[in-house]
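Residue numbers (the numbering used here): 8 to 259. Glycine included, every Cβ here is placed at the ideal spot set by N, Cα and C. All remarks here apply to the structure that follows.
Below, the structure written as structure tokens:
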């Protein structure tokens, strides 16, 4: 009997000899906060293209940059600072959540020391845009969050989508991981929320410095460029009946 379980595979394309790097997830979600922030980190730190993730469950599209075709889901890495990033050019359908999560745990977990996942959540007021809270899969990561000055909420909550699936896999496999929840614009791609999570959470947590000037200077351009991704993300969510979850995020 043939195994019909959807799967994903990782193909390494270059060697990066980083010592227990931190994996930072930047898959498209609410406000495109993770995608914008991690794109900036990858660019500013000059991370190398480390490999690609492929799956039949990914959308049947091809993406390109600077006139060159590239894989939809990519991993970048660098040695100083020791950082890996996980990126996708488009939102992924629900059927891709499990195979991608399992691939990260089974084929990449040995390559990183801990993981940080980013989830945007709609801000209830303009003043709250950029607020960051964090939760952890282990007591050690919880202490790291507190030491970095990141608020750890007392109230219960939930996060769905691909980010929730990845965090769940890490928790079940006892992989040290943090989930950063960032308050962002309710409807638009939000470079300012991305800037906030970089400066107020990722920099102290990972101990690196990232120039976020472009997120101020090119805010309108970034917002327009990301709007197409946001529309596709919205369409995927509506098709899967997840609109309520996308809008409410983690906390009411």
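**Asked** If we count Cβ pairs, one from each stretch, closer than 8 Å, do we get three or more for the region 108 to 119 versus the region 80 to 97?
**Response** Yes, since at least three Cβ pairs between the region 108 to 119 and the region 80 to 97 fall closer than 8 Å, the two stretches touch.
**Item:** Three-way DSSP call (helix, strand, coil) for residue 61 in this model
**Value:** Residue 61 carries a strand assignment under DSSP once its states are collapsed to helix, strand and coil.
**Asked** Straight-line CA distance for residue 170 to residue 124?
**Response** Approximately 7 Å, taken between the alpha carbons.
**Message:** Going by C-alpha to C-alpha distance, which of 32, 159, 31 sits closest to residue 145?
**Reply:** When 32, 159, 31 are compared, the shortest CA-CA separation from residue 145 is found for 159.
**Asked** With burial defined as no fewer than 16 other Cβ atoms inside 10 Å of the residue's Cβ, what is the status of residue 26: buried or exposed?
**Response** It counts as exposed.
**Request:** May I ask you to check if the CB of residue 116 is nearer than 7 Å to at least one heavy atom of the ligand MN?
**Result:** By its list of ligands, the structure shown contains no ligand whatsoever, and the ligand MN lies outside what it can speak to.
**Of the listed residues 83, 139, 201, nearest to residue 24 (C-alpha basis)** = Residue 83 is the option with its Cα nearest to residue 24.
**Request:** Pick out the complete beta strand (DSSP E) segments inside the region 107 to 134, 3 residues or longer, and give them in chain order.
**Result:** Counting only runs that start and end inside the region 107 to 134, the beta strand (DSSP E) elements of at least 3 residues fall at 121 to 129.
**Prompt:** Taking buried to mean at least 16 other C-beta atoms within 10 Å of its own C-beta, is residue 154 buried or exposed?
**Reply:** By the neighbour-count rule (16 or more Cβ atoms within 10 Å), residue 154 is not buried but exposed.
**Message:** I'd like the span of the beta strand (DSSP E) that includes residue 39, first residue to last.
**Reply:** No beta strand (DSSP E) holds residue 39; DSSP gives it neither H nor E.
**Request:** In the DSSP assignment, find the beta strand (DSSP E) that holds residue 189 and state where it starts and stops.
**Result:** From DSSP, the beta strand (DSSP E) with residue 189 extends over 184 to 191.
**Asked** Does DSSP classify residue 27 as helix, strand or coil?
**Response** Residue 27 carries a coil assignment under DSSP once its states are collapsed to helix, strand and coil.
**Prompt:** Skipping 5 residues on each side, what residues in its chain have a beta carbon closer than 6 Å to that of residue 1?
**Reply:** This structure gives no information on residue 1, because the portion of the chain shown stretches from 8 to 259.
**Message:** For a test of the three-state rule: what should DSSP assign to residue 77, helix, strand or coil?
**Reply:** Residue state, collapsed to three classes: strand.
**Prompt:** If you count every other CB in all the chains shown that lies within 10 Å of the CB of residue 135, and 16 or more means buried, which is it?
**Reply:** Classification for residue 135: exposed.
**DSSP three-state assignment for residue 96, whether helix, strand or coil** = Coil, per DSSP.
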